[in-house]
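Numbering (the working numbering), first residue to last: 16 to 877. Ideal Cβ positions, reconstructed from N, Cα and C, are used throughout, including at glycine. Structure first, then comments.
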């Protein structure tokens with residue numbers, strides 16, 4: 016058996032090498048319901064090297080005597096509990112038939128501890144193998160359940176899925192038309208043919224956003240759209256040639272409706288200027304009792320709450336150069352308005368980032384492929400927008416963004432901003448984007464006092480560029496608590512980050528662990544756990560019961576295990592955590608360690624362990640009495656654990672809070688459409704060229720009522736009384752119908768009379784010259800793109816290379832010497848910065864501290 020297994024693995028390795036797609040390190044991909052691990056290391060030694068580091072980990076403990084005393088007391092309690100729980104960690108190794116890919120889903124909730132794991136492997140693209148495992152005790156023991164699905168081979172991509180509304184409903188997608196379904200957490204399965212023979216469900220299932228678990232959509236490999244309202248006990252073909260689909264919802268008052276992009280589309284090719292567009296269609300329900308075309312020439316659409324957004328080309332026969340706009344509907348598609356944003360050329364990207372707090376955050380690229388743009392926030396109707404954050408980082412041809420909503424603090428968001436010198440820094444807003452500011456670092460963390468210094472937080476952009484970090488983490492049932500990877504400097508750096516924590520929603524921060532770690536929030540914030548990623552084979556898990564003031568070590572293994580993840584049940588309520596990895600040998604078997612911290616933290620929290628905490632109290636404490644802590648018209652207070660706690664909240668713990676409304680102040684208003692707030696002032700003033708904007712509104716047929724006072728209440732703000740801004744309202748319907756012709760005439764340039772033959776000949780000559788110039792430039796650019804590859808570059812912290820992004824790209828393309836990061840050895844082996852750097856002349860500097868700046872076109876050139 017071992018010889019066959021080794022031969023199979025060698026075949027996989029040979030095939031991967033031939034395809035030139037070797038991934039020499041592990042990676043982990045997480046979402047709300049399924050966690051996936053991958054181990055593609057050619058050898059165990061390569062995997063070790065891929066995560067090795069010369070930076071040693073130092074235990075973090077504040078040098079304060081009373082804190083040290085509390086930490087020592089906690090340590091005594093922990094060691095005392097260990098005497099009666101010597102086997103705190105339970106280990107399980109998946110036997111023999113394990114594969115390179117592992118996906119795990121929690122198949123239960125309420126701390127029941129049922130998990131399902133699928134391991135898969137594709138060999139030479141000719142056949143695949145998979146195994147299914149089930150545990151009912153958080154992973155301490157496992158049972159192979161291949162027979163329950165008739166030994167079906169489960170897909171590697173999206174093969175394991177869980178219903179977000181019913182944790183015990185799990186779906187196994189196969190390479191055939193059959194889907195295996197369990198409604199009892201894997202105790203039994205039923206097989207359902209969902210699609211037509213010869214096709215598969217090749218994409219993730221589309222679940223309803225409301226709590227309606229029976230409603231599910233499935234797109235087949237031939238683009239047929241199927242729907243069920245009985246968890247696949249009844250299946251209906253909705254329509255063909257579907258490229259995107261979503262359910263309606265209660266908020267739009269059409270929860271049974273299905274929205275889909277339908278049509279063959281015209282794919283853009285190398286020599287074609289045509290674009291792909293579809294028809295946005297609404298079906299009343301899964302029986303398709305009625306069908307309605309909502310919009311044509313749609314590129315993509317999205318739904319959240321009552322909002323439906325559609326990216327639309329306005330030309331009947333659009334090309335790559337056609338203008339596109341964002342259309343919005345708040346009544347299930349019956350009527351549409353154009354979102355009042357800058358005109359979007361064909362090469363300008365825009366994306367809706369969040370619509371969860373009664374307003375819309377939308378990114379719009381700047382012209383010229385800069386890899387950055389403007390972050391806008393909407394008024395309540397989602398039509399009129401105001402600038403929120405300039406130079407917002409969103410790299411071209413990449414879906415990676417650092418925009419992050421803090422789940423534990425109302426109104427708080429994080430984002431990355433790119434400076435004129437192309438360095439990147441972190442910004443925070445405490446009031447839903449009305450104002451953004453840098454993050455004040457902990458005192459004493461700034462090493463270079465000669466430069467501006469803020470706390471710089473790593474997120475997905477840093478991770479995509481090879482920085483060893485984990486995205487920020489927060490949960491709604493742990494008020495004010497956020498864990499991040501960060502460092503104190505004037506810009507994001509490539510040096511290994513440390514773990515920082517805030518317990519007040521982002522107003523104050525402190526370093527809690529040295530070096531990068533896996534981390535999780537458990538027990539509703541009462542327990543934090545972390546495992547170092549500085550060490551290639553960590554053997555210790557760290558935990559804290561007092562919001563990171565004291566950390567305690569527990570050695571969970573003596574084995575050399577390559578760690579791939581630290582997990583806990585979704586929601587952050589359970590105190591049972593699992594550490595996943597694979598063995599450091601030729602077979603590299605998957606292994607899991609399960610630790611239940613209830614065995615050592617046995618005391619239940621009582622009222623004496625809690626204190627009252629008021630969020631946002633720092634934001635306005637210098638104003639008049641009564642407004643401190645008021646955010647968006649609401650003042651809240653929470654009961655949370657005291658900082659020196661040694662007890663457990665328990666799985667059923669719910670956060671107690673009280674709320675009261677506030678009087679309105681200027682803080683409850685933001686600048687309205689066509690107004691802006693200059694730096695260092697609270698006043699909103701009219702933008703230059705306001706008449707032109709009115710004309711633009713008229714020409715687009717928009718009929719929104721515009722408040723001309725310059726202020727509008729922030730969407731979702733519930734303040735009452737106090738300051739009000741009451742200005743004259745202009746009905747744009749009347750204005751456009753009466754005055755638009757006059758306004759348009761003022762914009763038209765005077766036309767001089769000329770001989771038509773001369774004009775025609777001149778036009779022909781200009782057109783020929785332009786075609787020749789454009790063709791030559793295009794061919795030249797394509798030649799450069801083929802000849803060179805722009806390397807993602809780093810600059811010195813104080814280095815400025817000019818403001819012209821296009822010139823920088825052009826210079827990099829035409830020079831034989833390409834600049835890249837000067838300290839590849841300080842980055843993980845095989846990282847994004849190192850790939851493709853061989854056989855290239857480079858210029859190196861001596862500094863080991865680099866700051867991010869965005870090339871913005873490196874993904875396009877790959």
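Do you know offhand how far residue 186's Cα is from residue 196's? In the chain shown, counting from the first residue as 1, residue 186 sits at position 171. In the chain shown, counting from the first residue as 1, residue 196 sits at position 181. In a straight line, the C-alpha of residue 186 is about 5 Å away from that of residue 196.
Under the three-state reduction of DSSP, which class applies to residue 85: helix, strand or coil? Along the chain shown, one-based indexing puts residue 85 at 70. DSSP places residue 85 in helix when its eight states are reduced to three.
Determine the DSSP secondary structure at residue 674, reduced to helix, strand or coil. Sequence index remark: in the chain shown, residue 674 carries index 659 (1-based). Three-state result, residue 674: strand.
Suppose contacts are defined by Cβ-Cβ distances below 9 Å. Is residue 579 in contact with residue 595 by that definition? Taking the chain shown and counting its residues from 1, the one referred to as residue 579 is at position 564. Taking the chain shown and counting its residues from 1, the one referred to as residue 595 is at position 580. Yes.
Roughly how many whole angstroms lie between the Cα atoms of residue 505 and residue 440? Here residue 505 is taken as the residue at index 490 of the chain shown, counted from 1. Here residue 440 is taken as the residue at index 425 of the chain shown, counted from 1. Taking the straight line joining both Cα atoms gives about 7 Å.
Count the other CB atoms within 10 Å of the CB of residue 676; is the residue buried (16 or more) or exposed (fewer)? For the purposes of this step, residue 676 is taken as residue 661 along the chain shown, with counting starting at 1. By the neighbour-count rule (16 or more Cβ atoms within 10 Å), residue 676 is not buried but exposed.
Meets three-Cβ-pair contact criterion under 8 Å: the segment 661-671 and the segment 524-542: yes
Within the 9 Å Cβ cut-off, does residue 382 reach chain D? The chain inventory of the structure shown lacks chain D, comprising one protein chain alone.
Classify residue 737 as helix, strand or coil using the three-state DSSP reduction. Here residue 737 is taken as the residue at index 722 of the chain shown, counted from 1. Residue state, collapsed to three classes: strand.
Are at least three pairs of beta-carbons, each pair with one atom in the segment 470-482 and one in the segment 414-428, less than 8 Å apart? yes
In the DSSP assignment, what residue or residues form a beta bridge with residue 369? For this step, residue 369 is matched to residue 354 along the chain shown. Paired residues: 376.
Tell me whether residue 632 sits in a helix, a strand or coil according to DSSP, three-state version. Stepping through the chain shown from its first residue, residue 632 is reached at position 617. Coil at residue 632, not helix or strand.
Between the beta-carbon of residue 561 and the beta-carbon of residue 498, is there less than 9 Å? Indexing the chain shown from 1 puts residue 561 at position 546. Indexing the chain shown from 1 puts residue 498 at position 483. Contact flag unset, no.
Can you find the residues in the same chain that come closer than 7 Å, C-beta to C-beta, to residue 192, ignoring five residues on each side of it along the sequence? Stepping through the chain shown from its first residue, residue 192 is reached at position 177. Closer than 7 Å at Cβ, skipping near neighbours: 208, 209, 210, 211, 212, 214, 215.
Mark residue 425 as exposed unless 16 or more other C-beta atoms lie within 10 angstroms of its C-beta, in which case mark it buried. For the purposes of this step, residue 425 is taken as residue 410 along the chain shown, with counting starting at 1. It is buried - the Cβ of residue 425 has at least 16 other Cβ atoms within 10 Å.
Pick from 686, 651, 467, 129: whose alpha carbon is nearest that of residue 200? On the chain shown, position 185 is the one that residue 200 refers to. Closest by alpha carbon: 129.
Please list the segments of the beta strand (DSSP E) lying wholly inside the segment 458-535, counting only runs of 3 or more residues, in order along the chain. 469-472, 497-504, 513-517, 525-528
Out of 91, 408, 401, 554, which one is the CA nearest neighbour of residue 447? For the purposes of this step, residue 447 is taken as the residue at position 432 of the chain shown. Here the closest residue by C-alpha is 401.
Do you know whose CA, among 391, 138, 372, lies nearest residue 427's CA? In the chain shown, counting from the first residue as 1, residue 427 sits at position 412. The shortest Cα separation from residue 427 among 391, 138, 372 belongs to 372.
In angstroms, rounded to a whole number, what distance separates the CA positions of residue 471 and residue 454? Taking the chain shown and counting its residues from 1, the one referred to as residue 471 is at position 456. Taking the chain shown and counting its residues from 1, the one referred to as residue 454 is at position 439. If you take the alpha carbons of residue 471 and residue 454, they lie about 8 Å apart.
How many angstroms separate the CA atom of residue 340 from the CA atom of residue 147? Translated into the one-based positions of the chain shown, residue 340 becomes position 325. Translated into the one-based positions of the chain shown, residue 147 becomes position 132. Straight-line Cα distance between these residues: approximately 47 Å.
Please state the DSSP three-state secondary structure of residue 681. Mapped onto the chain shown, residue 681 falls at position 666. Correct three-state label for residue 681: helix.
Within 9 Å, strictly: CB atoms of residue 278 and residue 269: Here residue 278 refers to the residue found at position 263 of the chain shown. Here residue 269 refers to the residue found at position 254 of the chain shown. Result no, Cβ atoms of residue 278 and residue 269 do not sit closer than 9 Å.
Do residue 557 and residue 950 come within 9 Å of each other at the CB atom, strictly closer than that value? This structure leaves residue 950 out entirely; the chain is present only between 16 and 877.
Exposure label - residue 255; buried when at least 16 CB within 10 Å: Here residue 255 refers to the residue found at position 240 when the chain shown is read from its first residue. By the 10 Å Cβ count, residue 255 comes out exposed.
Ordered along the chain, which non-local residues of its own chain (more than five positions away) have a Cβ less than 6 Å from that of residue 297? Taking the first residue of the chain shown as position 1, residue 297 is located at position 282. Once the five neighbours on either side are set aside, the close Cβ partners of residue 297 are 272, 274, 307, 309, 348.
Straight-line gap, residue 570 to residue 399 (C-alpha atoms, nearest Å): Reading the chain shown from its first residue, position 555 is the one you call residue 570. Reading the chain shown from its first residue, position 384 is the one you call residue 399. So the two alpha carbons sit approximately 56 Å from each other.
Unbroken stretches of the beta strand (DSSP E), 3 residues or longer, contained in the segment 548-625: 555-559, 567-570, 576-583, 591-598, 605-611
In angstroms with no decimal places, state the Cα-to-Cα distance between residue 706 and residue 119. As a working mapping, residue 706 is identified with position 691 in the chain shown. As a working mapping, residue 119 is identified with position 104 in the chain shown. Low per-residue confidence applies at residue 706: pLDDT is 46, beneath 50, and the placement is therefore not dependable, though the value from the model is reported in the following sentence. Computed Cα separation, rounded: 57 Å.
Flag this pair as touching only if the segment 725-741 and the segment 679-686 have three or more C-beta atom pairs under 8 Å; answer yes or no. yes
Let me know the secondary structure DSSP gives residue 540 once reduced to three states. Translated into positions along the chain shown, residue 540 becomes position 525. The answer is helix: DSSP assigns residue 540 an H, G or I state.
Nearest-angstrom Cα distance between residue 171 and residue 131? Stepping through the chain shown from its first residue, residue 171 is reached at position 156. Stepping through the chain shown from its first residue, residue 131 is reached at position 116. Going from the Cα of residue 171 to the Cα of residue 131 covers about 15 Å.
Cut-off 6 Å between Cβ atoms - residues of its own chain near residue 205, not counting five sequence neighbours on either side: Mapped onto the chain shown, residue 205 falls at position 190. Excluding residues within five positions, the ones whose Cβ falls inside 6 Å are 196.
Residue 277 lies in the beta strand (DSSP E); which residues open and close that run? The sequence position of residue 277 within the chain shown is 262, counting from 1. Here the beta strand (DSSP E) through residue 277 covers 273-277.
Through-space distance from residue 529 to residue 134, alpha-carbon basis: Locating residue 134 in the chain shown gives position 119, counting from the first residue. Locating residue 529 in the chain shown gives position 514, counting from the first residue. Looking at the two C-alpha atoms, the distance is approximately 34 Å.
Would you kindly work out how many angstroms separate the C-alpha atoms of residue 322 and residue 182, rounded to a whole number? Working through the chain shown from its first residue, we reach residue 322 at position 307. Working through the chain shown from its first residue, we reach residue 182 at position 167. Distance between the alpha carbons of residue 322 and residue 182: 28 Å.
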